[in-house]
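S.K.: My questions will all concern the structure given below.
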Amino acid sequence: MSSTLNESTYQQYLSALLAGERAQCASIVQSLVAAGTDLKTLYIMLFQRAMYQVGDLWENQRISVATEHLATAITERMLSLVQPHAFAGQQRERSIVVACVADEYHQLGGRMIADFCELHGWRGYFLGVDTPLPKLLLTIEERRPTLVGLSLSLSINLPQLIKALDAITDKFPAQPILVGGQALRWGGMEAVQAYPNATCISSLDELELQLATYAQ
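Just so we're aligned, residue 446 is where the sequence shown starts under the working numbering, counting upward by one.
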């Protein structure tokens, strides 16, 4: 398994992604998988890096919102393309329940968290977008996960995040919670840090460090 990614390959993928060329993106990803590229490398050095760059380009008004949405949709298809390979290893008893908070309709980040945990042998349960709080609490009660992950892309939904943190902490005081998403780049981390059982993460690298604490 290779843990590196050639820069020229990354640039080819990024160019295809920005051009909306899904077939070309798929061809590049399939070639990398066939060549033995580690899936964690694909998630961190290809998918995450490319979408961070897409986000920066959009923030600086160098691409349209339509291009950003298309890049997101293509990336989700690429995740589906490699997902069957994520279950090659033995799954452990550790698990994570991941949800986009209520009124949050951007699912890519949450899905990547669940997928990445599965690459590490965890059981990942992704509840999708706009997760009703009662549904989230019921899933936590039924699954008793090692971790709960909450995804927030729009800062306008910060009150929904706080509501979820309050409810989870009240009902499951010892439940560790990870919070991530683009919204935290513009504030809200202080509010999350007020909860002793909650930790902010800003990348898959940071998620990997969190997972490592449960490796014993």
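C-beta: ideal position from N, C-alpha, C; glycine also.
Since the model is a prediction, treat every value here as computed from it, not as a measurement.
On the three-pair Cβ rule with 8 Å, is the segment 511–530 touching the segment 572–580?
M.R.: At 8 Å Cβ cutoff, the stretches do not touch.
S.K.: Over what stretch of residues does the alpha helix (DSSP H) that includes phenylalanine 561 continue unbroken?
M.R.: For the purposes of this step, residue 561 is taken as the residue at position 116 of the sequence shown. 553–564 is the extent of the alpha helix (DSSP H) around phenylalanine 561.
S.K.: If you measure between the beta carbons of leucine 582 and lysine 608, is that distance less than 7 Å?
M.R.: Residue 582 sits at position 137 when you count from the first residue of the sequence shown. Residue 608 sits at position 163 when you count from the first residue of the sequence shown. For leucine 582 and lysine 608, no; Cβs fall outside 7 Å.
S.K.: Over what stretch of residues does the beta strand (DSSP E) that includes isoleucine 622 continue unbroken?
M.R.: Counted from its first residue, the sequence shown places residue 622 at position 177. Where isoleucine 622 is concerned, the enclosing beta strand (DSSP E) stretches over 622–625.
S.K.: Going by DSSP, which residues form a beta bridge with cysteine 545?
M.R.: Within the sequence shown, the letter at position 100 stands for residue 545. Answer is Ser596.
S.K.: By how many angstroms is the C-alpha of glutamine 498 removed from the C-alpha of isoleucine 541?
M.R.: The residue labelled residue 541 in the question sits at position 96 within the sequence shown. The residue labelled residue 498 in the question sits at position 53 within the sequence shown. So the alpha carbons of these two residues sit roughly 27 Å apart.
S.K.: Would you mind working out which of Gly632, Tyr455 and Arg507 sits nearest isoleucine 489, comparing C-alpha positions?
M.R.: Counting from one through the sequence shown, the residue named residue 489 turns up at place 44. The shortest C-alpha separation from isoleucine 489 is found at Tyr455.
S.K.: Counting contacts by CB-CB distance shorter than 7 Å, is alanine 559 in contact with chain D?
M.R.: Given the protein chain composition of this structure (a single chain), no chain D is represented.
S.K.: Apply the 10 Å Cβ neighbour rule to methionine 634 and answer buried if 16 or more other Cβ atoms are within range, or exposed otherwise.
M.R.: In the sequence shown, counting from the first residue as 1, residue 634 sits at position 189. So methionine 634 counts as exposed.
S.K.: Applying the 10 Å Cβ sphere with the 16-neighbour rule, what's the burial state of proline 590?
M.R.: Position 145 of the sequence shown, counted from the first residue, corresponds to residue 590. By the 10 Å Cβ count, proline 590 comes out buried.
S.K.: Looking at the structure shown, is alanine 643 part of a helix, part of a strand, or coil, going by DSSP?
M.R.: By one-based count along the sequence shown, residue 643 stands at place 198. Three-state DSSP puts alanine 643 in a strand.
S.K.: Would you mind stating whether tryptophan 631 and serine 598 have Cβ atoms separated by less than 7 Å?
M.R.: Here the question's residue 631 lines up with position 186 in the sequence shown. Here the question's residue 598 lines up with position 153 in the sequence shown. No, Cβ-Cβ distance for tryptophan 631 and serine 598 is not below 7 Å.
S.K.: Where does glycine 500 fall in DSSP's three states?
M.R.: Looking up residue 500 in the sequence shown gives position 55. Looking at glycine 500 - three-state DSSP - the assignment turns out to be helix.
S.K.: Go ahead and pull the three-state DSSP assignment for arginine 568.
M.R.: Position 123 of the sequence shown, counted from the first residue, corresponds to residue 568. Reduced to three states, the DSSP call for arginine 568 is strand.
S.K.: Please tell me whether valine 546 and leucine 595 are closer than 7 Å, where the distance is taken between their beta carbons.
M.R.: As a first step, residue 546 is located in the sequence shown; it is residue number 101 there, counting from the start. As a first step, residue 595 is located in the sequence shown; it is residue number 150 there, counting from the start. Cβ distance < 7 Å, so valine 546 and leucine 595 count as in contact.
S.K.: In chain order, what residues of the same chain have a beta carbon less than 6 Å from the beta carbon of glutamine 493, not counting five sequence neighbours either side?
M.R.: As a first step, residue 493 is located in the sequence shown; it is residue number 48 there, counting from the start. Same-chain partners within the cutoff: Leu649.
S.K.: If you drop the 5 nearest sequence neighbours on each side, which residues of the same chain put their C-beta closer than 6 Å to that of alanine 461?
M.R.: Against the sequence shown, residue 461 aligns to sequence position 16. Gln469 and Cys470, listed in sequence order.
S.K.: Under a Cβ-count criterion, where at least 16 other Cβ atoms within 10 Å of its own Cβ denotes burial, should histidine 530 be classed as buried or exposed?
M.R.: On the sequence shown, residue 530 is found 85 positions in, with the first residue counted as 1. By the neighbour-count rule (16 or more Cβ atoms within 10 Å), histidine 530 is not buried but exposed.
S.K.: Answer with buried or exposed for threonine 449, where buried requires no fewer than 16 other C-beta atoms within 10 angstroms of its C-beta.
M.R.: In the sequence shown, residue 449 corresponds to position 4, counting from 1. Exposed, since its Cβ has fewer than 16 Cβ neighbours within 10 Å.
S.K.: Which residues does DSSP list as the beta-bridge partners of serine 540?
M.R.: If you number the sequence shown from 1, residue 540 lands on position 95. Paired residue(s): Arg568.
S.K.: Rounded to a whole number of angstroms, what is the C-alpha to C-alpha distance between threonine 482 and tyrosine 458?
M.R.: Counting from 1 along the sequence shown, the entry for residue 482 is found at position 37. Counting from 1 along the sequence shown, the entry for residue 458 is found at position 13. Roughly 15 Å separates the two Cα atoms.
S.K.: Tell me which residues share the same chain as arginine 539 and place their Cβ nearer than 6 Å to its Cβ, disregarding the 5 neighbours each side in the sequence.
M.R.: Position 94 of the sequence shown, counted from the start, is the residue given in the question as residue 539. For arginine 539, where only same-chain residues beyond five positions count, the Cβ hits under 6 Å are Trp567, Thr591 and Tyr659.
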